[in-house]
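Engineer: For reference, the structure I am asking about is given below.
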Amino acid sequence: MEGCGQHPNLQTYAILLDGLCKNLQFSEAMALFQEMEDKKLDLDIVIYNILIDGMCNAGKLTTARELFKSLPTKGLQPDVRTYNIMIKGLCKEGLLNEARQLLEKMDENWLLT
C-alpha cells in the first residue's frame with residue numbers, strides 16, 4: 022500500500038489489527054500496534070478495544086490488563102465496550118471477583134445507567 026504512495030489511515034490499521042487478532046497472530050498485531058505508536062498516530066479507544074478483545078479471547082489476560090491499565094496514561098478512558106470486553110475476559114478465566122470489582126468501577130464511573 023505504502024509502496025504505491027498510499028498511506029493507511031487509522032481505520033485501515035484498525036481493520037488490519039482486528040484481522041491479525043482474530044487469526045491469533047499476536048506478535049504481528051503487537052508489531053503493527055508498535056508501528057502505529059511509532060508513527061505517532063492518534064490512537065483511539067477503538068484500537069485499544071480491538072487489542073484488548075483479541076488478547077482476552079486468546080486467554081492473554083496479563084497483556085489485556087496491561088493495555089487496559091495503560092489507557093489513562095495515553096489520555097484515554099475506557100468506554101462501556103472496553104469494560105465489557107475486560108469483564109467477559111475475566112469471567113472466561115474464572116476471575117469472578119475481579120470481574121465484579123471492575124463492574125463496580127464501571128458503575129462508579131457512571132458508565133452504567
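Numbering (this note's numbering), first residue to last: 22 to 134.
We put the beta carbon where it would ideally sit given N, CA and C, even for glycine.
Taking the alpha carbon of leucine 97 as the point to measure from, which residue in Asp63, Tyr34 and Leu38 has its own alpha carbon closest?
Structural biologist: Of Asp63, Tyr34 and Leu38, the residue nearest in Cα terms is Asp63.
Engineer: So, under 8 Å CB-CB, glutamate 49 and leucine 82 are touching, yes? Tell me the CB distance rounded to an integer number of Å.
Structural biologist: No, glutamate 49 and leucine 82 are not in contact; Cβ-Cβ is about 20 Å, not under 8 Å.
Engineer: When burial is assigned at 16 or more other CB atoms within 10 Å of the CB, is proline 99 buried or exposed?
Structural biologist: The residue in question, proline 99, is buried, as its Cβ has 16 or more Cβ neighbours within 10 Å.
Engineer: Quick one: is aspartate 65 buried, meaning 16 or more other Cβ sit within 10 Å of its Cβ, or exposed?
Structural biologist: It counts as exposed.
Engineer: According to the neighbour-count rule (16 or more other Cβ atoms, all chains shown, within 10 Å of its Cβ), is alanine 52 buried or exposed?
Structural biologist: That one is exposed.
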